[in-house]
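S.K.:
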Amino acid sequence: MILTIEHGKVRELQLNHPPANALGPQLISELRNAIEHAPQDGVRALVLSGFPGRFSGGLDVPLLLTLDRTAMAAVWKDFYALLRALACSPIPVAAAITGHAPAGGTVLALFCDRRFVAQGDWKIGLNEVRVGIPLPPVILGALQRTVGMRQAERLAVTGTLISPAEAAQVGLVDEIVPAESVIQAAVRWCDELLDFPPQAVALTRRKARADLAILFDSDVNAELDEVIAGWWADETQTVLRRLVDELAKKRAKA
Amino acid sequence: MILTIEHGKVRELQLNHPPANALGPQLISELRNAIEHAPQDGVRALVLSGFPGRFSGGLDVPLLLTLDRTAMAAVWKDFYALLRALACSPIPVAAAITGHAPAGGTVLALFCDRRFVAQGDWKIGLNEVRVGIPLPPVILGALQRTVGMRQAERLAVTGTLISPAEAAQVGLVDEIVPAESVIQAAVRWCDELLDFPPQAVALTRRKARADLAILFDSDVNAELDEVIAGWWADETQTVLRRLVDELAKKRAKA
Amino acid sequence: MILTIEHGKVRELQLNHPPANALGPQLISELRNAIEHAPQDGVRALVLSGFPGRFSGGLDVPLLLTLDRTAMAAVWKDFYALLRALACSPIPVAAAITGHAPAGGTVLALFCDRRFVAQGDWKIGLNEVRVGIPLPPVILGALQRTVGMRQAERLAVTGTLISPAEAAQVGLVDEIVPAESVIQAAVRWCDELLDFPPQAVALTRRKARADLAILFDSDVNAELDEVIAGWWADETQTVLRRLVDELAKKRAKA
Numbered sequence: 022m023i024l025t026i027e028h029g030k031v032r033e034l035q036l037n038h039p040p041a042n043a044l045g046p047q048l049i050s051e052l053r054n055a056i057e058h059a060p061q062d063g064v065r066a067l068v069l070s071g072f073p074g075r076f077s078g079g080l081d082v083p084l085l086l087t088l089d090r091t092a093m094a095a096v097w098k099d100f101y102a103l104l105r106a107l108a109c110s111p112i113p114v115a116a117a118i119t120g121h122a123p124a125g126g127t128v129l130a131l132f133c134d135r136r137f138v139a140q141g142d143w144k145i146g147l148n149e150v151r152v153g154i155p156l157p158p159v160i161l162g163a164l165q166r167t168v169g170m171r172q173a174e175r176l177a178v179t180g181t182l183i184s185p186a187e188a189a190q191v192g193l194v195d196e197i198v199p200a201e202s203v204i205q206a207a208v209r210w211c212d213e214l215l216d217f218p219p220q221a222v223a224l225t226r227r228k229a230r231a232d233l234a235i236l237f238d239s240d241v242n243a244e245l246d247e248v249i250a251g252w253w254a255d256e257t258q259t260v261l262r263r264l265v266d267e268l269a270k271k272r273a274k275a
Numbered sequence: 022m023i024l025t026i027e028h029g030k031v032r033e034l035q036l037n038h039p040p041a042n043a044l045g046p047q048l049i050s051e052l053r054n055a056i057e058h059a060p061q062d063g064v065r066a067l068v069l070s071g072f073p074g075r076f077s078g079g080l081d082v083p084l085l086l087t088l089d090r091t092a093m094a095a096v097w098k099d100f101y102a103l104l105r106a107l108a109c110s111p112i113p114v115a116a117a118i119t120g121h122a123p124a125g126g127t128v129l130a131l132f133c134d135r136r137f138v139a140q141g142d143w144k145i146g147l148n149e150v151r152v153g154i155p156l157p158p159v160i161l162g163a164l165q166r167t168v169g170m171r172q173a174e175r176l177a178v179t180g181t182l183i184s185p186a187e188a189a190q191v192g193l194v195d196e197i198v199p200a201e202s203v204i205q206a207a208v209r210w211c212d213e214l215l216d217f218p219p220q221a222v223a224l225t226r227r228k229a230r231a232d233l234a235i236l237f238d239s240d241v242n243a244e245l246d247e248v249i250a251g252w253w254a255d256e257t258q259t260v261l262r263r264l265v266d267e268l269a270k271k272r273a274k275a
Numbered sequence: 022m023i024l025t026i027e028h029g030k031v032r033e034l035q036l037n038h039p040p041a042n043a044l045g046p047q048l049i050s051e052l053r054n055a056i057e058h059a060p061q062d063g064v065r066a067l068v069l070s071g072f073p074g075r076f077s078g079g080l081d082v083p084l085l086l087t088l089d090r091t092a093m094a095a096v097w098k099d100f101y102a103l104l105r106a107l108a109c110s111p112i113p114v115a116a117a118i119t120g121h122a123p124a125g126g127t128v129l130a131l132f133c134d135r136r137f138v139a140q141g142d143w144k145i146g147l148n149e150v151r152v153g154i155p156l157p158p159v160i161l162g163a164l165q166r167t168v169g170m171r172q173a174e175r176l177a178v179t180g181t182l183i184s185p186a187e188a189a190q191v192g193l194v195d196e197i198v199p200a201e202s203v204i205q206a207a208v209r210w211c212d213e214l215l216d217f218p219p220q221a222v223a224l225t226r227r228k229a230r231a232d233l234a235i236l237f238d239s240d241v242n243a244e245l246d247e248v249i250a251g252w253w254a255d256e257t258q259t260v261l262r263r264l265v266d267e268l269a270k271k272r273a274k275a
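So the sequences go chain by chain: A, B and C. Adding 21 to a residue's 1-based position in the first sequence gives its number in our numbering. Adding 21 to a residue's 1-based position in the second sequence gives its number in our numbering. Adding 21 to a residue's 1-based position in the third sequence gives its number in our numbering.
1. Under 8 Å by Cβ, that's how I've got V222 of chain C and V150 of chain B pegged, so tell me the actual separation to the nearest angstrom.
2. Strictly by DSSP, which residues pair up with Q35 of chain C?
3. What do you get for G125 of chain A, buried or exposed, if any count of 16 or more other CB atoms within 10 angstroms of its CB means buried?
4. Helix, strand or coil, according to DSSP, for F136 of chain C in the structure here?
5. Going by CA-CA distance only, name the one from A:V248, A:D238, A:R230 and A:T225 that's closest to T225 of chain B.
6. Mapping the DSSP letters down to three states, classify A122 of chain B as helix, strand or coil.
7. Can you give me the Cβ contacts of G74 of chain C inside the same chain, cut-off strictly under 6 Å, excluding the 5 residues immediately before and after it?
8. So the candidates are A:A234, A:D81, A:A139 and A:L86; which of them puts its Cα closest to the Cα of E201 of chain A?
9. Would you identify the three-state DSSP class for G162 of chain A, choosing helix, strand or coil?
10. Between which two residues does the beta strand (DSSP E) containing I197 of chain C stretch?
11. Whole angstroms is fine: what's the gap from L103 of chain B's alpha carbon to G251 of chain C's?
12. Helix, strand or coil: how does DSSP classify L52 of chain B here?
13. Would you verify that the beta carbon of T257 of chain A is, or is not, closer than 7 Å to some beta carbon of chain C?
14. Going straight from the alpha carbon of V265 of chain C to that of V82 of chain C, what length do you get?
15. Using a Cβ-based criterion (distance less than 6 Å to any ligand heavy atom), does L164 of chain C qualify as near the ligand ZN?
16. Buried or exposed for G29 of chain B, please, with buried defined as at least 16 other CB atoms from any protein chain shown within 10 angstroms of its CB.
17. Does the Cβ-Cβ distance between F132 of chain A and L107 of chain A come in under 7 Å?
18. Can you tell me the Cα-Cα spacing of L182 of chain B and I145 of chain B, whole angstroms?
19. Along chain B, in chain order, which residues have C-beta atoms closer than 7 Å to that of R209 of chain C?
20. Starting from G251 of chain B, trace the alpha helix (DSSP H) both ways and give me its first and last residue.
21. Identify, in the order they occur along the chain, each residue of the same chain with its Cβ nearer than 8 Å to the Cβ of D278 of chain B, setting aside the five sequence neighbours on each side.
22. What residues in the region 202-231 of chain C have a beta carbon less than 8 Å from any beta carbon of chain D?
23. In chain order, what residues of the same chain lie with their CB nearer than 8 Å to the CB of F72 of chain B, ignoring the 5 residues before and after it?
24. Quick one: which residues of the region 155-182 of chain A get their C-beta closer than 9 Å to a C-beta of chain C? List them in chain order.
25. Alpha carbons only, please: which of A:A177, A:Q172 and A:D142 is nearest the one belonging to P157 of chain A?
26. In whole angstroms, what separates the C-alpha of G78 of chain B from that of P123 of chain B?
27. One question on the structure: do V260 of chain B and V152 of chain B come within less than 7 Å of each other, judged by their Cβ atoms?
28. For the region 186-202 of chain A, which residues have a CB atom closer than 8 Å to at least one CB atom of chain C, in sequence order?
29. How is I145 of chain B classed by DSSP in three states: helix, strand or coil?
30. Is the Cβ of R262 of chain C closer than 7 Å to any Cβ of chain A?
31. Does DSSP put R65 of chain C in a helix, a strand or coil?
32. Report yes if the CB atom of V168 of chain C is closer than 7 Å to the CB atom of A117 of chain C, and no otherwise.
33. Below 6 Å CB to CB, which residues in the same chain sit around F284 of chain A once its five sequence neighbours on both sides are set aside?
34. Check whether the Cβ atoms of Q220 of chain C and E244 of chain B lie closer than 7 Å to each other.
35. For E154 of chain B, does the three-state DSSP call read helix, strand or coil?
36. Would you say G153 of chain A lies against chain B (beta-carbon separation less than 7 Å)?
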């Protein structure tokens with residue numbers, strides 16, 4: 022589900038789970054492992070990418086709705102562990118947003134060091150509330166530090182999906198680049214960073230991202246329990262099942 | 022002093038206290054009550070508006086200067102309770118800034134969920150220091166979360182009044198709309214929000230505004246004592262009385 | 022090393038230590054004293070300026086590399102005391118950035134109330150990591166409040182030097198003015214502020230800058246020990262000595 026491509030000291034982790042790079046238990050687990058183990062292989066920086074037109078469609082709701090409570094709790098725990106792996110990664114991670122990145126797609130990018138997005142008519146944003154999922158607090162926290170409290174409130178509460186241009190304007194992404202060079206731009210950003218004195222960069226990076234790492238401190242387990250319970254709320258289940266039914270009907274027609 | 026206009030599930034509270042919608046004890050108390058009681062009437066969202074050309078001119082200084090210490094302390098307490106009612110409202114509140122909104126006018130808008138402003142040559146901002154009133158901390162806190170620390174420092178310390186265009190640029194307001202449709206824009210924003218899964222929105226909204234609500238936590242009473250004492254400082258009284266004298270002279274001439 | 026120029030109630034402290042206004046022990050100490058003593062002379066506001074083309078080139082690395090551990094520890098302590106004097110100054114301080122302001126030059130400006138920069142092709146930013154110095158936490162904190170967490174992470178981690186135009190865009194400076202009037206603009210800003218009710222301004226200013234002052238609270242000594250130890254790290258010393266050698270070779274050629 023993940024292609025590993027080496028660019029010198031920079032390793033690209035390319036999500037490769039068509040059609041939508043939807044995040045199910047296996048992809049979450051593989052991605053977490055790939056991120057956590059990269060430094061041990063001597064990799065100095067990571068690029069997280071997708072395929073043209075699709076970065077990630079977020080959680081694989083149709084699949085997740087087939088899971089029981091125990092399995093679903095494990096998914097949420099592993100997803101949090103994945104976000105923590107990004108937030109606390111000892112090596113920099115650049116996101117190369119190659120296409121659509123609603124919900125979980127944007128979430129992954131938010132915990133990276135820098136966000137490059139391909140030019141194109143993609144949907145970016147955190148539309149969790151629109152599918153009945155209250156935005157988990159660690160994600161809200163990452164959003165707040167990235168775009169500020171005012172824009173975070175707007176984007177989180179209304180669940181608006183926006184274009185790359187608007188995303189760049191509010192700071193949800195950092196740079197828009199031609200689609201064919203978005204991965205290259207992310208790799209080059211990493212390479213430039215690796216040219217600087219490594220300890221000074223590592224120490225400064227750790228402090229500049231300390232507010233992000235701290236989101237995963239002691240209280241995160243209580244938060245996670247709440248998020249897991251929320252998944253089983255009547256409203257959430259009803260909205261998610263309606264969504265999946267509509268998707269199935271669309272596919273049947275097509 | 023307040024017109025109540027129902028737009029389906031959205032209730033508009035239209036400040037209607039000419040000539041300036043100045044905030045005296047009665048309007049503050051009525052507005053606080055209207056906000057606090059709306060959810061009990063089944064109202065799902067609020068729009069706070071004024072009349073064309075005037076949102077609110079802020080505190081009714083000429084009237085407040087006639088009050089004794091006990092009465093004035095009650096006004097400040099009720100004004101804080103009004104801001105708290107906005108900050109902690111269980112239903113969303115959109116501001117339709119229909120005209121001038123200096124000082125208290127901007128303050129009311131800051132505690133709302135979203136700020137729509139009519140196109141026009143209005144004065145917006147927190148000019149409290151220029152009339153001798155140190156900006157109360159809860160208002161500074163709301164300003165900081167809305168425009169960031171740097172712009173908050175500038176706007177609070179210099180008391181600059183700015184145009185809708187500059188207000189939009191620094192994030193003090195969210196959207197500029199033609200004057201004739203500013204209320205409609207605020208109602209529509211509420212209506213759209215009400216279309217989304219209500220519990221997911223309510224939970225996300227509460228967390229995204231938690232930093233605003235927390236301003237009114239335990240320490241607020243000590244802060245309020247300081248604000249009330251500040252009203253009676255020599256400098257404040259002198260500047261406010263000079264201001265009222267100048268207003269009276271202007272009116273006598275006109 | 023500092024020219025003192027009185028503009029009515031506003032005192033200009035003009036760094037005058039050619040060729041680069043580099044911050045060595047003496048300039049740091051003199052500047053700190055000048056800032057701390059100004060209020061006692063009845064000065065109501067300060068402007069911190071340089072000479073045309075040069076605000077400050079930051080720490081005087083060639084000189085500092087000749088110091089032993091005791092002397093170097095004293096320099097860092099005094100530099101922190103200088104930043105504290107700016108952060109906690111009871112009177113406003115406007116920076117008139119008259120030219121290049123890499124590293125320490127930008128640091129000084131960050132702790133001022135407002136930053137005016139001369140039009141011109143200057144380098145502004147915090148390039149500490151590129152010369153092997155992890156960005157000290159108080160400086161990171163000042164950067165975060167000024168440009169927000171996202172831009173602070175980028176500027177701190179990559180050590181990018183930017184133009185006045187980009188600095189204005191991200192909020193690292195407040196206003197770009199023609200070079201010949203940058204000092205005048207800073208003085209005028211102070212003068213306008215001094216026209217407002219002084220106690221209201223002083224109280225509001227103290228609260229609006231409280232988050233900056235708090236950076237120098239109790240924990241700052243432990244932080245300072247870390248910063249001082251960091252100066253003697255192998256990487257830092259190696260990079261700084263290479264830098265000084267390159268500068269010496271350049272000068273020998275010229």
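We treat Cβ as the ideally placed atom computed from N, Cα and C, and that holds for glycine.
M.R.: In short, the structure shows the following:
1. The C-beta separation of V222 of chain C from V150 of chain B comes to about 5 Å, placing the pair in contact by the 8 Å criterion.
2. Q35 of chain C is bridged to C:L24 and C:S70.
3. When all chains shown are included, G125 of chain A counts as buried.
4. The residue you asked about is not Phe; residue 136 of chain C is Arg in the sequence shown. Strand.
5. Looking at the Cα atoms, A:V248 is the closest of the given residues.
6. Annotated three-state conformation of A122 of chain B is strand, per DSSP.
7. Same-chain partners within the cutoff: G120.
8. Looking from the CA of E201 of chain A, the closest CA among A:A234, A:D81, A:A139 and A:L86 belongs to A:A139.
9. G162 of chain A falls in the helix class under three-state DSSP.
10. Taken as a continuous stretch (DSSP letters only), the beta strand (DSSP E) holding I197 of chain C covers E196 to V198.
11. Going from the Cα of L103 of chain B to the Cα of G251 of chain C covers about 51 Å.
12. L52 of chain B: helix per DSSP, three-state reduction.
13. Nearest CB-CB separation between T257 of chain A and chain C: not below the 7 Å threshold.
14. In a straight line, the C-alpha of V265 of chain C is about 7 Å away from that of V82 of chain C.
15. Among the components of this structure there are no ligands whatsoever, and the ligand ZN is therefore not found.
16. Counting Cβ neighbours within 10 Å, G29 of chain B comes out exposed, since fewer than 16 surround it.
17. It is a contact, given that the beta carbons lie within the stated cut-off.
18. CA-to-CA, the gap between L182 of chain B and I145 of chain B works out to about 5 Å.
19. Under the 7 Å cutoff, chain B gives no residues; its nearest Cβ is about 12 Å from R209 of chain C.
20. Looking at the DSSP string, the run of the alpha helix (DSSP H) that includes G251 of chain B is V241 to W252.
21. In the structure as shown, chain B begins at 22 and stops at 275. Residue 278 of chain B is therefore absent and cannot be evaluated.
22. The structure shown contains no chain D; its protein chains are A, B and C.
23. Contacts found: Q35, L36, N37, P39, N42, T119 and G120.
24. Of all residues in the region 155-182 of chain A, Q165, R166, T167, V168 and G169 have a Cβ within less than 9 Å of some Cβ in chain C.
25. The option with the nearest alpha carbon to P157 of chain A is A:A177.
26. Cα to Cα, G78 of chain B sits roughly 6 Å from P123 of chain B.
27. Yes; because the gap between Cβ atoms is below 7 Å, this pair is in contact.
28. Taking 8 Å as the Cβ-Cβ cut-off against chain C, the residues of the region 186-202 of chain A that qualify are G192 and D195.
29. Correct three-state label for I145 of chain B: strand.
30. Chain A, which has no Cβ nearer than 7 Å to the Cβ of R262 of chain C, makes this no.
31. Collapsing the DSSP output to three states places R65 of chain C in coil.
32. Taking 7 Å as the Cβ cut-off, V168 of chain C and A117 of chain C do not qualify as a contacting pair.
33. Outside the shown range of chain A (22 to 275) lies residue 284 of chain A, about which nothing can therefore be said.
34. No, these two residues do not count as a Cβ contact at 7 Å.
35. What sits at residue 154 of chain B in the sequence shown is Ile, not Glu. Three-state DSSP puts I154 of chain B in coil, outside helix and strand.
36. Yes, contact with chain B.
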